[in-house]
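Q:
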Amino acid sequence: MITDEHLMDLVRNGDKESINELYRRHAKKLYVFLSNVMKVSNPEDLVHDVFIRVIEKARQFNPQKASFHTWLFRIAQNQAINLFRRQKIVKFSSLEQNIGQEGSESSLHLKDTLEDKSQPADVSALILAVRECIGELRKEAERQALVMYYILGQNYQEISAVFQKSISAVRKYVIAAGERVRQCLERKGIDSF
Amino acid sequence: MDKKKFDELMDKWASHEMNSAPEINPTAEVYQRLKDRQKKPRFTVFSWPVRWAAAGIAAAVIILFIVLQPAEEIVPLVGLRKGFIGEKGEGTERAQVLNEIEVPREEEVPRVAQAPRTAAKEMAKREKKSQVVSEQYVFQYQRPDTQAVEELDIKVPQDKIITLSTEDNYRFVLELAQEAYVYIYLIGDDQSLIRLFPNSEYQPAQNPLQPGKTYIIPAPPNWFFVQETEGEVKLYVVASDRPQPDWDELYAQYEGMDKKKGKREILSQQTDAFKSIEKTPEKEARMFTIRFQIQ
Chain A
1 MITDEHLMDL
11 VRNGDKESIN
21 ELYRRHAKKL
31 YVFLSNVMKV
41 SNPEDLVHDV
51 FIRVIEKARQ
61 FNPQKASFHT
71 WLFRIAQNQA
81 INLFRRQKIV
91 KFSSLEQNIG
101 QEGSESSLHL
111 KDTLEDKSQP
121 ADVSALILAV
131 RECIGELRKE
141 AERQALVMYY
151 ILGQNYQEIS
161 AVFQKSISAV
171 RKYVIAAGER
181 VRQCLERKGI
191 DSF
Chain B
194 MDKKKFDELM
204 DKWASHEMNS
214 APEINPTAEV
224 YQRLKDRQKK
234 PRFTVFSWPV
244 RWAAAGIAAA
254 VIILFIVLQP
264 AEEIVPLVGL
274 RKGFIGEKGE
284 GTERAQVLNE
294 IEVPREEEVP
304 RVAQAPRTAA
314 KEMAKREKKS
324 QVVSEQYVFQ
334 YQRPDTQAVE
344 ELDIKVPQDK
354 IITLSTEDNY
364 RFVLELAQEA
374 YVYIYLIGDD
384 QSLIRLFPNS
394 EYQPAQNPLQ
404 PGKTYIIPAP
414 PNWFFVQETE
424 GEVKLYVVAS
434 DRPQPDWDEL
444 YAQYEGMDKK
454 KGKREILSQQ
464 TDAFKSIEKT
474 PEKEARMFTI
484 RFQIQ
């Protein structure tokens, strides 16, 4: 299998298939990252912006310094922050607020997925409860670390590289956030599923 | 809820979130950017490598300009040409070889400063001198109008400053009583320093000079002449019983120096060296000076 780094070499030369493959591998993850972690209201547009930035900065990518994965998520994070600055949004809105916002693409999308008839009702309830509990997390850093840890399957090292925090700090955030979500779920009467 | 169950629940939630994310494919804009990138030359005019290269080239050009800038053209104070008599053929008959005794012919070399002497008398006198081992430090000069050779004994301090023009010639005639290392320097008003001897450009002889032989500097048929139109020239003639390697080094430095400031510093060191010679016992080293005005 061609590595991401090798695909980047091909992207530098304008290879169309390579960018398609990078989309296949990372677009969904980026979407989830931007919608769940960075709380971007229009994650799909920003995914494209991130890939455009990847193309523009392809020559600056140095696999010796960071993996493609880390570099990609750093770009995504910066793009999201720039977007917030442009929109003059100083503080990130909470997950709970985002879900409740009418007309927000991500909220509509989440609503659609929860109304999926193919999903058993109890599973939908469980997922909704987890989302609510994550939304209740007050510390932004803890929420971001927890989402990246479980949804993106990233290890502590990768998360620390993206957010430029120490590995021990990231571990602390994940454990603390997990504990709070667990207590929240128990309060909601979800002990098992 | 134990940790295992919690992790399972979170994984289920995570996989749902991932699965619920829409399929996203590159847009036309992304492809266009990729295409633009392909066309874009690696180094644009404003890219950093080009900027650095331009800066490097500019720096190299400046350095080359400084290094290759022609040094200020200095007309040497001393020129070399054949004597006036020599132009009429006498020069070739004169002492061509270093140690040959100069025997001026009376009919061609009218003497102004001294009474006319015949060649025979001259020879006789020189032969006599060679027996006694005479010593001569003579400054000779000639003017184009009279073509006569005038002499000054530079061992005798001169009260009167002679005047030479660019038309006049001059030279040194040396005879030593004992082996010596001779140095003749010329210092001009413009702080120029010229070593007339030892200097292979003017005279192939090298130190030490031997007693009983006549040395003419520059080597016949050439004479020195001044190329400046005004100023004063001071000549230092030093005869030492030992070599002066420091002077050789100083003069080599002076000749290799482009900057005026550096030349002045070296000249100052050489002048100090002359002063130290003045304090040296006569047995070890002697120094004579002669000045002439350029008009």
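Quick mapping for you: the protein sequence lines, in order, are chains A and B.
Numbered per my numbering, the first sequence spans residues 1 to 193.
Numbered per my numbering, the second sequence spans residues 194 to 488.
Glycine residues also receive a C-beta, built at the ideal position from the N, C-alpha and C atoms.
For clarity, every value in this text was computed on a predicted model and none was experimentally measured.
(1) Measuring straight from C-alpha to C-alpha, what distance separates Glu344 of chain B and Ala251 of chain B?
(2) Below 8 angstroms on the Cβ atoms is my contact criterion, and I expect Tyr429 of chain B with Phe467 of chain B to pass it. Report the Cβ-Cβ distance as a whole number of Å.
(3) For the alpha helix (DSSP H) that Ser160 of chain A lies in, which residues bound it at each end?
(4) From the DSSP output, in three-state form, read off Phe485 of chain B for me.
(5) Name the residue from B:Asp441, B:Pro215 and B:Arg364 whose alpha carbon lies nearest to the alpha carbon of Asn42 of chain A.
(6) Can you list the residues of chain A that Leu261 of chain B reaches, using a CB-CB cut of under 7 angstroms?
(7) Quick one, which of A:Ser18, A:Arg12, A:Asn13 and A:Gly14 has its alpha-carbon nearest Met1 of chain A's?
(8) Listing by chain order, which chain B residues have their CB less than 7 angstroms from the CB of Asn36 of chain A?
(9) Alpha carbon to alpha carbon, what distance is there between Asn155 of chain A and Thr3 of chain A?
(10) 8 angstroms is my cut-off, CB to CB: does Ala214 of chain B come that close to chain A?
(11) Per DSSP, what kind of secondary structure is Arg53 of chain A in: helix, strand or coil?
(12) Buried or exposed: which applies to Asn36 of chain A, given that a residue is buried once 16 or more other Cβ atoms fall within 10 Å of its Cβ?
(13) May I ask you to list, following chain order, the residues of the region 62-92 of chain A that have a beta carbon less than 7 angstroms from some beta carbon of chain E?
(14) Short check: CB of Trp206 of chain B to CB of Val174 of chain A, under 8 angstroms?
(15) With distances taken from CA atoms, which of B:Ile259, B:Ile355, B:Leu357 and B:Asn212 is nearest Asp489 of chain B?
(16) Kindly examine the ligand ZN and report whether one of its heavy atoms sits closer than 7 angstroms to the Cβ of Ser240 of chain B.
(17) Give the C-beta separation of Gln463 of chain B and Leu386 of chain B to the nearest angstrom, bearing in mind that I take them to be a contact with Cβ-Cβ under 8 angstroms.
(18) Would you say Lys165 of chain A reaches chain B, if we count a Cβ-Cβ gap shorter than 8 angstroms as a contact?
(19) Got a sec: is the Cβ-Cβ distance from Trp245 of chain B to anything in chain A below 8 angstroms?
(20) Kindly list, in the order they appear in chain B, the residues whose Cβ is closer than 7 angstroms to that of Gly14 of chain A.
(21) For Gln335 of chain B, is the classification buried or exposed, using 16 other Cβ atoms within 10 angstroms of its Cβ as the cut-off for buried?
(22) Any beta-carbon of chain A closer than 8 angstroms to the one on Trp206 of chain B?
(23) Please state whether DSSP places Pro242 of chain B in a helix, a strand or coil.
(24) Roughly how many angstroms lie between the CA atoms of Leu137 of chain A and Gln77 of chain A, to the nearest whole one?
(25) Looking at the secondary structure, which residues open and close the beta strand (DSSP E) in which Thr464 of chain B lies?
(26) Could you please give me the residues that DSSP links to Phe418 of chain B through a beta bridge?
(27) What is the rounded straight-line gap between the Cα of Ala221 of chain B and the Cα of Ile55 of chain A?
(28) Can you pull the DSSP bridge partners for Ile256 of chain B?
(29) Under the rule that 16 or more other beta-carbon atoms within 10 Å means buried, what is Leu379 of chain B, buried or exposed?
(30) Classify Gly178 of chain A as helix, strand or coil using the three-state DSSP reduction.
(31) List, from N- to C-terminal side, the alpha helix (DSSP H) runs of 4 residues or more that fit wholly inside the region 8-32 of chain A.
(32) To which residues of the same chain is Ile470 of chain B closer than 7 angstroms at the C-beta, ignoring the five residues directly before and after it?
(33) State yes or no: is the beta carbon of Ile250 of chain B nearer than 8 angstroms to at least one beta carbon in chain A?
(34) Select from B:Val419, B:Ala370 and B:Leu227 the residue whose C-alpha is nearest the C-alpha of Arg274 of chain B.
(35) Would you call the CB atoms of Trp71 of chain A and Phe84 of chain A closer than 8 angstroms?
(36) Going by DSSP, name the residue or residues bridged to Gln333 of chain B.
A: Taking the coordinates as given:
(1) Cα atoms of Glu344 of chain B and Ala251 of chain B: separation of roughly 60 angstroms, rounded to the nearest angstrom.
(2) Rounded, the Cβ-Cβ distance is 6 angstroms, consistent with contact.
(3) It spans Tyr156 to Phe163 - the alpha helix (DSSP H) in which Ser160 of chain A sits, taken as one unbroken run.
(4) DSSP places Phe485 of chain B in strand when its eight states are reduced to three.
(5) Nearest option by C-alpha distance: B:Pro215.
(6) Per Cβ cutoff of 7 angstroms: no residues; Leu261 of chain B is ~38 angstroms from chain A at best.
(7) Minimum Cα distance to Met1 of chain A is reached at A:Ser18.
(8) Chain B residues near Asn36 of chain A: Glu210.
(9) Straight-line spacing of the CA atoms in Thr3 of chain A and Asn155 of chain A works out to 19 angstroms.
(10) Yes, Ala214 of chain B counts as interfacial toward chain A.
(11) It is helical.
(12) Looking at its Cβ environment, which holds 16 or more other Cβ atoms inside 10 Å, Asn36 of chain A is buried.
(13) Absent here is chain E; the protein component of the structure consists of chains A and B.
(14) No; because the gap between Cβ atoms is not below 8 angstroms, this pair is not in contact.
(15) Because chain B is modelled from 194 through 488, residue 489 of chain B falls outside the range shown and cannot be assessed.
(16) This structure simply doesn't include the ligand ZN, nor any ligand for that matter.
(17) About 6 angstroms separates the two Cβ atoms, so the contact holds.
(18) No, because no Cβ of chain B sits closer than 8 angstroms to the Cβ of Lys165 of chain A.
(19) Not an interface residue.
(20) Result: Leu227, Lys228, Arg230 and Gln231.
(21) Buried is the call here.
(22) Interface residue (Cβ-Cβ distance to chain A less than 8 angstroms): Trp206 of chain B is classified as such.
(23) In the structure shown, Pro242 of chain B adopts helical secondary structure according to DSSP, grouped into three states.
(24) For Leu137 of chain A and Gln77 of chain A, the gap between their C-alpha atoms comes out near 20 angstroms.
(25) It is not in any beta strand (DSSP E) - Thr464 of chain B instead sits in the alpha helix (DSSP H) that spans Lys453 to Glu471.
(26) The partner list for Phe418 of chain B (beta bridge, DSSP) reads B:Gly272.
(27) Computed Cα separation, rounded: 14 angstroms.
(28) Answer by DSSP bridge pairing: none, since Ile256 of chain B is not bridged.
(29) Buried is the call here.
(30) DSSP places Gly178 of chain A in helix when its eight states are reduced to three.
(31) For the region 8-32 of chain A, whole alpha helix (DSSP H) runs of length 4 or above, ordered along the chain, are 16-32.
(32) Around Ile470 of chain B: Val431, Ala478 and Met480.
(33) Interface residue (Cβ-Cβ distance to chain A less than 8 angstroms): Ile250 of chain B is not classified as such.
(34) It is B:Val419.
(35) Cβ distance not < 8 angstroms, so Trp71 of chain A and Phe84 of chain A don't count as in contact.
(36) Per DSSP, B:Glu344 and B:Arg364.
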